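Novice:
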């Protein structure tokens, strides 16, 4: 039989998208724009965080490994252990210039930056 | 170190949402409305398929275990081993009447109907 991968609290992608992302000192870093899913395993690999810009113009998008996002019920958003200054050096892309997700070297860059390992 | 759960082909949730769902004889069953994610594991547990209605009115929503959806590149959509008639007896909800995802018995009903097991 096919497995259904549900062991904990279930949330809708519609509720994740738009949720604010904070750093550990409570500064707003951005908000979740969309999720990047591993088609084969059905795992959420990355959450794309958007910030800056006005009415979607000039926005910058940062892919964050899903595992670095911790939901904080008091904040009502995700908390990431990342300073604003660090974010400036983080892998990012402009609106309309989405990375090629088939490019495994882009993923290596993300893993190296955030100190995560491939599972 | 935190793991990043990426082993295969990556797709954006924005691309999954709106994708047509077919049965094995090529009939359109509906389209993906949103994804239901296990917050703890980061796994996509269910895809909510919508069908019927007009301009979002009178739509019915069917939660499908992610594992029963197979992407078919020729069809350009997901294929599910389910007849239209079977869908009429499947767990579903109306717009604005989303199930309580904390209710584990609702999940049991879904697993029983689709013949999937909890992982």
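Protein chains in written order, with the numbering used here: chain D, 1 to 119; chain L, 120 to 238.
Using N, Cα and C, we set each Cβ at its ideal position, and we do this for glycine too.
All of these numbers come straight from a predicted model, not from anything done at the bench.
(1) Enumerate in chain order the residues of its own chain whose CB-to-CB distance from residue 165 of chain L is below 8 Å, with the five nearest sequence positions on each side excluded.
(2) Quick check on residue 181 of chain L - is its C-beta less than 7 Å from some C-beta in chain D?
(3) Note down, in chain order, each residue of its chain lying with its Cβ closer than 8 Å to the Cβ of residue 61 of chain D, except the 5 sequence neighbours on either side.
(4) Identify every run of the alpha helix (DSSP H) within the region 126-163 of chain L, keeping only runs that are complete inside it and at least 4 residues long; order them along the chain.
(5) Could you check whether residue 19 of chain D and residue 28 of chain D sit closer than 7 Å to each other, using their CB atoms as the reference points?
(6) I need the boundaries of the alpha helix (DSSP H) containing residue 206 of chain L, first residue and last residue.
(7) Residue 69 of chain D lies in the alpha helix (DSSP H); which residues open and close that run?
(8) Is residue 103 of chain D helix, strand or coil by DSSP?
(9) Throw me the rounded Cβ distance for the residue 9 of chain D and residue 158 of chain L pair, which I believe falls under 8 Å.
(10) Compare the C-beta of residue 161 of chain L with all C-beta atoms of chain D and state if any pair is closer than 7 Å.
(11) How many Å lie between residue 17 of chain D and residue 11 of chain D at the Cα?
(12) Give every residue of the same chain whose Cβ lies closer than 8 Å to the Cβ of residue 200 of chain L, excluding the five residues on either side of it in the sequence, and list them in chain order.
(13) Rounded to the nearest angstrom, what separates residue 205 of chain L and residue 220 of chain L at their Cα positions?
(14) Could you give the distance in angstroms between the alpha-carbon of residue 149 of chain L and the alpha-carbon of residue 15 of chain D?
(15) For residue 164 of chain L, would you say it is in contact with chain D, using Cβ-to-Cβ distances shorter than 7 Å as the test?
(16) Would you report the Cα separation of residue 237 of chain L and residue 44 of chain D, rounded to the nearest angstrom?
(17) Please decide whether residue 224 of chain L counts as near chain D, where near means a Cβ-Cβ distance under 7 Å.
(18) Return the first residue and the last residue of the beta strand (DSSP E) that residue 118 of chain D is part of.
(19) Counting along the chain, where does the beta strand (DSSP E) carrying residue 242 of chain L start and finish?
(20) Within 10 Å of its beta-carbon, does residue 77 of chain D have 16 or more other beta-carbons around it, so buried, or fewer, so exposed?
(21) Taking residue 153 of chain L as the query, report the chain D residues whose CB atoms sit under 8 Å from its CB, ordered along the chain.
(22) Quick check: what's the CA-CA separation for residue 234 of chain L versus residue 209 of chain L?
(23) Can you name the residues of chain L whose CB is closer than 7 Å to the CB of residue 22 of chain D?
(24) Does the beta carbon of residue 158 of chain L come closer than 7 Å to any beta carbon on chain D?
(25) At a CB distance below 7 Å, what residues from the region 60-87 of chain D approach chain L? Give them in sequence order.
Specialist: Here's the rundown:
(1) If you number the second chain from 1, residue 165 of chain L lands on position 46. Same-chain partners within the cutoff: 154, 155, 182, 183, 184, 185 and 229.
(2) Stepping through the second chain from its first residue, residue 181 of chain L is reached at position 62. No, residue 181 of chain L does not count as interfacial toward chain D.
(3) For this step, residue 61 of chain D is matched to residue 61 along the first chain. Contacts found: 33, 48, 49, 50, 92, 93, 94, 95 and 98.
(4) 132-135
(5) Position 28 of the first chain, counted from the start, is the residue given in the question as residue 28 of chain D. Position 19 of the first chain, counted from the start, is the residue given in the question as residue 19 of chain D. Against a cut-off of 7 Å, the Cβ pair of residue 19 of chain D and residue 28 of chain D comes out as no contact.
(6) As a first step, residue 206 of chain L is located in the second chain; it is residue number 87 there, counting from the start. First-last of the alpha helix (DSSP H) with residue 206 of chain L: 203-207.
(7) Locating residue 69 of chain D in the first chain gives position 69, counting from the first residue. Segment: none, residue 69 of chain D is in no alpha helix (DSSP H) and carries neither H nor E.
(8) For the purposes of this step, residue 103 of chain D is identified with residue 103 of the first chain, where counting begins at 1. The answer is coil: DSSP assigns residue 103 of chain D none of H, G, I, E or B.
(9) One-based indexing of the first chain puts residue 9 of chain D at position 9. One-based indexing of the second chain puts residue 158 of chain L at position 39. The pair is a contact, with the Cβ atoms about 4 Å apart (cut-off 8 Å).
(10) By 1-based counting over the second chain, the position of residue 161 of chain L is 42. With 7 Å as the cut-off, residue 161 of chain L counts as an interface residue toward chain D.
(11) The sequence position of residue 17 of chain D within the first chain is 17, counting from 1. The sequence position of residue 11 of chain D within the first chain is 11, counting from 1. Between residue 17 of chain D and residue 11 of chain D, the C-alpha separation is close to 11 Å.
(12) Against the second chain, residue 200 of chain L aligns to sequence position 81. Contacts found: 142, 143 and 187.
(13) The residue you call residue 205 of chain L lines up with position 86 of the second chain. The residue you call residue 220 of chain L lines up with position 101 of the second chain. Computed Cα separation, rounded: 23 Å.
(14) Against the second chain, residue 149 of chain L aligns to sequence position 30. Against the first chain, residue 15 of chain D aligns to sequence position 15. Rounded to the nearest angstrom, the two C-alpha atoms are 22 Å apart.
(15) Indexing the second chain from 1 puts residue 164 of chain L at position 45. Yes, contact with chain D.
(16) On the second chain, position 118 is the one that residue 237 of chain L refers to. On the first chain, position 44 is the one that residue 44 of chain D refers to. Approximately 18 Å, taken between the alpha carbons.
(17) Locating residue 224 of chain L in the second chain gives position 105, where the first residue counts as 1. Not one chain D Cβ lies under 7 Å of residue 224 of chain L.
(18) By one-based count along the first chain, residue 118 of chain D stands at place 118. Where residue 118 of chain D is concerned, the enclosing beta strand (DSSP E) stretches over 116-118.
(19) It is not possible to answer for residue 242 of chain L, since the shown part of chain L is limited to 120 through 238.
(20) Within the first chain, the letter at position 77 stands for residue 77 of chain D. With 16 or more other Cβ atoms within 10 Å, it is buried.
(21) Translated into the one-based positions of the second chain, residue 153 of chain L becomes position 34. Within 8 Å Cβ-Cβ: 12, 13 and 14.
(22) Your numbering for residue 234 of chain L matches position 115 in the second chain. Your numbering for residue 209 of chain L matches position 90 in the second chain. Looking at the two C-alpha atoms, the distance is approximately 12 Å.
(23) Within the first chain, numbered from 1, the residue matching residue 22 of chain D stands at position 22. Per Cβ cutoff of 7 Å: no residues; residue 22 of chain D is ~17 Å from chain L at best.
(24) By one-based count along the second chain, residue 158 of chain L stands at place 39. True, the Cβ-Cβ gap to chain D drops below 7 Å.
(25) 65, 66, 67, 68 and 71
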